[in-house]
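Trainee: Following the working numbering, the numbering of the sequence shown begins with 17 at its first residue and continues without gaps.
Pasting in a structure now, in structure tokens, and then I'll have a few things to ask.
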Amino acid sequence: MLLADYFLEKSRRKLGFRQLKLSVDASGKLKRYAWPGNVRELEHIISRAALKARKGSSPSDIVSLTASHIEIPDDIAAQPEFVKPTQPPLEIVNLRSATEDYQRELIKHMLTKCDGNWSQAAKLLSIDRGNLVRLAKRLGVYIKKEVVGGK
């Protein structure tokens, strides 16, 4: 929680609050999260939460970030499911191709689950949308969007 406190103080100074703190439920939510990203992910989550909490507050208020301000999945069900290979490899494969195969299948699965919505799929995968698009392109993953109700 040391890093979270540092980013809280940084956001407090930036937004001009008298005091900015984490509620117990928000702190618990941050502790339960698996943190697949890096330190910048924590910084962005706290910064966004502070901006959300700023609405309706004056700089002289003591602002407390609640779990509803923290935009991370609440439970394991919100995390991407493990995509099992359809068939175990019969021969030895190199790690790079096995990793790329897994990434390819996981990206396809998430895009299908999110009806082709790249932003939503990226959020579920805990990566930036632009990085997801570049990775999918490198792996040769293309999703066709169907036009419904067109002529």
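The beta-carbon is built from N, C-alpha and C at its ideal position, and this holds for glycine as well.
What residue range is occupied by the uninterrupted alpha helix (DSSP H) comprising V40?
Mentor: Per DSSP, V40 belongs to the alpha helix (DSSP H) from V40 to R48.
Trainee: If the criterion is Cβ atoms closer than 8 Å, does the pair A20 and K45 meet it?
Mentor: No, the Cβ-Cβ distance between A20 and K45 is not below 8 Å.
Trainee: Whole angstroms is fine: what's the gap from F23's alpha carbon to W134's?
Mentor: For F23 and W134, the distance between alpha carbons rounds to 28 Å.
Trainee: Taking the C-alpha atoms as reference points, what is the distance between V149 and N110?
Mentor: V149 and N110: Cα-Cα distance of roughly 24 Å.
Trainee: Considering only their Cβ atoms, is the gap separating A50 from I86 smaller than 8 Å?
Mentor: No, these two residues do not count as a Cβ contact at 8 Å.
Trainee: Report the rounded CA-to-CA distance for E116 versus L155, giving the unit in angstroms.
Mentor: Their Cα atoms are separated by approximately 7 Å.
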